[in-house]
Amino acid sequence: MGNAYKLECAVWEFTLKCNLNCLHCGSSAGKLRKDELSPEEALKLCSDLKEAGCLGVALMGGEPFLRADFWEVASEIRKLGMELSVITNGTVFSPDTFKKLKALSPRAVAVSIDGAKKEIHEKIRGVPGCYGKSWEFINKALAEKLPVSVITTVSRLNPGELKELAGQLKGRNIAWQIQTAGAEGARFPKGLLLDREEFYSVGMFIENLRKTFTPEELPVIGAHDLGYNSSFLKNVSLHEKWTGCQAGISMLGIRSNGDVLGCLAINNDEYIEGNVGARAVSEIWNDKKAFSYNRRFQLSEAGGNCVSCPHLETCRGGCCEMSLMKTGVLHNDYYCFFSVEKELFGEKSRPGTFLPGLGSKRAKKFAKIKKIFLGERNGL
Ligand code: SF4
Ligand code: SF4
Numbered sequence: 000m001g002n003a004y005k006l007e008c009a010v011w012e013f014t015l016k017c018n019l020n021c022l023h024c025g026s027s028a029g030k031l032r033k034d035e036l037s038p039e040e041a042l043k044l045c046s047d048l049k050e051a052g053c054l055g056v057a058l059m060g061g062e063p064f065l066r067a068d069f070w071e072v073a074s075e076i077r078k079l080g081m082e083l084s085v086i087t088n089g090t091v092f093s094p095d096t097f098k099k100l101k102a103l104s105p106r107a108v109a110v111s112i113d114g115a116k117k118e119i120h121e122k123i124r125g126v127p128g129c130y131g132k133s134w135e136f137i138n139k140a141l142a143e144k145l146p147v148s149v150i151t152t153v154s155r156l157n158p159g160e161l162k163e164l165a166g167q168l169k170g171r172n173i174a175w176q177i178q179t180a181g182a183e184g185a186r187f188p189k190g191l192l193l194d195r196e197e198f199y200s201v202g203m204f205i206e207n208l209r210k211t212f213t214p215e216e217l218p219v220i221g222a223h224d225l226g227y228n229s230s231f232l233k234n235v236s237l238h239e240k241w242t243g244c245q246a247g248i249s250m251l252g253i254r255s256n257g258d259v260l261g262c263l264a265i266n267n268d269e270y271i272e273g274n275v276g277a278r279a280v281s282e283i284w285n286d287k288k289a290f291s292y293n294r295r296f297q298l299s300e301a302g303g304n305c306v307s308c309p310h311l312e313t314c315r316g317g318c319c320e321m322s323l324m325k326t327g328v329l330h331n332d333y334y335c336f337f338s339v340e341k342e343l344f345g346e347k348s349r350p351g352t353f354l355p356g357l358g359s360k361r362a363k364k365f366a367k368i369k370k371i372f373l374g375e376r377n378g379l
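Sequential numbering of the sequence shown, starting at 0, is according to numbering that gives the first Met the number 0.
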């Protein structure tokens with residue numbers, strides 16, 4: 000039994016337990032879920048993912064290294080021939096962590112760093128001392144020649160850090176992924192959410208970095224859902240062309256209690272498709288009724304922000320999580336670059352006419368934000 004959808008990546012919240020207390024944490028991690036999978040269930044999930052045709056698994060948290068069976072499960076993923084990525088806060092490790100990781104040949108080991116300065120990083124991450132610890136992890140992982148990434152989550156607390164952080168990461172063989180904070184988490188003060196202009200400025204920053212530095216000097220990308228269908232910013236994410244939200248299309252998310260969603264960023268129980276304790280993940284993935292909001296999306300279901308958009312057929316209304324977070328419905332992304340540009344520059348904005356209408360009230364506001372937020376181009 001199969002279906003037309005190829006499961007490229009399963010993002011697995013390995014535990015909700017976390018030793019940090021990050022403001023932007025979308026799942027408000029800290030304590031274990033009451034009913035987290037047992038070690039036996041976790042191993043069974045690995046073979047079920049293989050059965051579902053899964054190509055790669057990303058173990059995240061909470062903090063994945065806090066689970067005692069991390070190594071057993073990570074090894075099982077590799078033994079089954081699936082790729083392994085690990086997303087960690089970088090504060091839970093022992094001297095042998097790096098050699099053990101190296102033996103698993105992970106695709107990526109991603110560590111969260113949210114500030115160039117200790118004070119900002121620790122203000123966001125909620126625990127004194129975590130900045131130095133995370134950099135110690137990064138340095139040890141680099142010494143072991145592991146494929147290290149840094150993930151930076153941008154809210155209104157840290158855009159001023161980006162320029163300095165770029166300098167710290169440059170030339171160190173660290174891939175840098177920049178993403179923006181959502182407002183789902185219970186600890187996140189809603190006033191810290193970027194507005195559309197600020198969000199767009201992050202895209203400009205990434206575009207400028209990618210024009211300024213070669214991928215060898217500073218490999219930087221925006222998160223896969225950061226900015227699409229722009230007339231001006233062509234170089235923000237790895238995708239040549241945005242083909243719509245991949246929740247339930249090529250990826251799924253698994254909570255630490257075995258609940259399966261199209262994407263863990265959609266932090267809403269209405270979108271749980273099943274639990275691996277009751278049904279194998281392969282059965283859920285191959286269920287013709289599952290992930291219907293994405294697999295059977297009809298253009299007429301798009302929200303008001305998207306319904307008359309020329310990109311709707313391929314875009315399908317953008318990132319489901321962003322859309323839900325900001326507008327309460329799916330397929331209605333308020334933050335896509337196409338609609339931000341339309342608002343900033345007007346209906347007539349066209350490729351090749353960068354910053355049209357500068358002089359209008361909106362564009363002046365935007366230019367000011369750009370300067371305050373991100374500094375001038377090439378001034379890195
Ligand atoms: S307006 Fe909607 S459909 Fe159009 S590009 Fe933006 S998110 Fe996609
Ligand atoms: S909901 Fe957003 S983050 Fe999740 S798969 Fe879709 S585009 Fe990506």
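Note that beta-carbon positions come from the ideal geometry of N, C-alpha and C, so glycine has one too.
- In the structure shown, K144 falls within a coil segment according to DSSP collapsed to helix, strand and coil.
- For M203, the enclosing alpha helix (DSSP H) has its first and last residue at R195 to T211.
- M59: member of the beta strand (DSSP E) spanning G55 to M59, first to last residue.
- In the DSSP annotation of this structure, the continuous segment of the alpha helix (DSSP H) that includes A41 starts and ends at P38 to E50.
- The DSSP assignment places 147-153 and 174-179 as complete runs of the beta strand (DSSP E) inside the stretch 139-191, in order along the chain (cut-off: 3 residues).
- Shown here for C8: same chain residues with a beta carbon closer than 6 angstroms to its own, the five before and five after excluded, namely G55 and M250 in chain order.
- Between the C-alpha atoms of S200 and G276 there is a straight-line separation of about 43 angstroms.
- Contact between F290 and G247 holds: CB atoms are separated by about 3 angstroms, below the 8 angstroms threshold.
- The beta carbon of Y292 sits no closer than 8 angstroms to any heavy atom of ligand 1.
- Under a 10 Å Cβ-count criterion, D47 is classified as buried, with 16 or more other Cβ atoms of the shown protein chains found around its own Cβ.
- G316 is not a Cβ neighbour of G252, given a cutoff of 9 angstroms.
- About 6 angstroms separates the CB atoms of M59 and E12; that is less than 8 angstroms, so the two are in contact.
- In the DSSP annotation of this structure, the continuous segment of the alpha helix (DSSP H) that includes M324 starts and ends at C319 to T326.
- Taken in chain order, the complete beta strand (DSSP E) segments of 3 residues or longer contained in the stretch 222-266 are 250-253 and 258-260.
- With respect to R155, S27 sits apart: the two C-beta atoms are not nearer than 9 angstroms.
- Distances taken from the Cβ of Y199 to the heavy atoms of ligand 1 include none shorter than 8 angstroms.
- Under the 10 Å beta carbon count, R66 is surrounded by 16 or more other beta carbons and is classified as buried.
- The beta carbon of F344 sits no closer than 8 angstroms to any heavy atom of ligand 1.
- For a cut-off of 8 angstroms, the C-beta gap from I265 to L323 is around 6 angstroms, short enough to register as a contact.
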